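**Q** Using full-length UniProt numbering, you'd call the opening residue of the sequence shown number 1 and step up by one each time.
I have a structure I would like to understand better, so I am pasting it below and will then ask my questions one at a time.
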Amino acid sequence: MGGLFETLSGAKGIRAEGKSAQNIANFNAEVSRQQAEAERIAAGFEQERQSKAAEKAKSRLRAQLGAAGGTGSPVAFDLTAEQAAELELENLLIGFEGEVRAGRAETQAQLDTLQGQLAKQRSKNLARAANIGFGTQVVSLGAPFLTGFGGKTPIANQAGIPFQGRSFA
């Protein structure tokens, strides 16, 4: 008899386990979303830092070229343009890498959310199966009562109650 109650309470426990797994997954997803935002902010700060360093490097190059007396030469212009392009590319790369890291974190957040939904659905299905098993046990134990302890006429029919919409009289 204890097995019946264990099966029924097992379904409740299975549902609770699924809900708990979903809550954990939702928490992990939120952490990943916050990480994505932090990656974007960090990349923005790094780009700003690199931009200031790039301005200093360009000023230093102009000063060195000016001290050497070559500010008007085509070579000086080429050097300045090349350095500016390299520094801009570095800045763009910092932003791109930050966005890639943020995208990974967002993808992880989506994956965590889906895993939570799957865990909850899986627990619902397992709980449903446990309830069906419980119902099957109840019916198998109650079958002798429905047939009058082995007789051909169910007790319910003797009391005038239709059994599954049929009368056995």
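No residue lacks a Cβ here, since even glycine has one placed at the ideal position from N, Cα and C.
A quick note: this is a predicted structure, and the numbers were derived from the prediction, not measured.
1. When you compare each of S123, E82, T80, L92 to G13 by their alpha carbons, which one comes out closest?
2. Going by the beta-carbon positions, is the gap between L61 and L87 smaller than 8 angstroms?
3. Does DSSP put A68 in a helix, a strand or coil?
4. Enumerate in chain order the residues of its own chain whose CB-to-CB distance from A119 is below 6 angstroms, with the five nearest sequence positions on each side excluded.
5. May I have the straight-line CA-CA distance separating R15 from Q115, to the nearest angstrom?
6. Please confirm whether residue 185 and A38 have their CB atoms less than 8 angstroms apart.
7. Relative to the C-alpha of A76, which residue among L92, S59, Q117, A53 is closest?
8. For Q34, which option in Q47, K56, Q110 has the closest C-alpha, if you only look at C-alpha atoms?
9. Can you find the residues in the same chain that come closer than 8 angstroms, C-beta to C-beta, to A57, ignoring five residues on each side of it along the sequence?
10. For a quick check, are the C-beta atoms of A11 and D112 less than 8 angstroms apart?
11. Rounded to whole angstroms, what is the Cα-Cα separation between N26 and Q121?
12. On the three-state DSSP scale, how would you describe S32?
13. Mapping the DSSP letters down to three states, classify S73 as helix, strand or coil.
14. Within its chain, find whatever has a CB closer than 6 angstroms to the CB of A54; leave out the 5 residues flanking it on each side and keep chain order.
15. Select from Q137, K52, V138 the residue whose C-alpha is nearest the C-alpha of E90.
**A** Reading off the structure:
1. For G13, the nearest C-alpha among the options comes from S123.
2. The Cβ atoms of L61 and L87 lie no closer than 8 angstroms to each other.
3. The answer is coil: DSSP assigns A68 none of H, G, I, E or B.
4. These residues qualify, in order along the chain: G18, A21, Q22.
5. C-alpha separation (whole angstroms): 15 angstroms.
6. Nothing can be reported for residue 185: it is not among the residues displayed for the chain, which extend from 1 to 169.
7. Check the Cα spacing between A76 and each of L92, S59, Q117, A53: the tightest is with S59.
8. Selected option, being the one with the closest Cα: Q110.
9. Closer than 8 angstroms at the Cβ level, and outside the excluded window around A57, lie Q83, L87.
10. No.
11. In this structure, the alpha-carbon of N26 lies about 14 angstroms from that of Q121.
12. S32: helix per DSSP, three-state reduction.
13. Taken through DSSP and simplified to helix, strand or coil, S73 comes out as coil.
14. Closer than 6 angstroms at Cβ, skipping near neighbours: L87.
15. Per the C-alpha coordinates, the member of Q137, K52, V138 positioned closest to E90 is K52.
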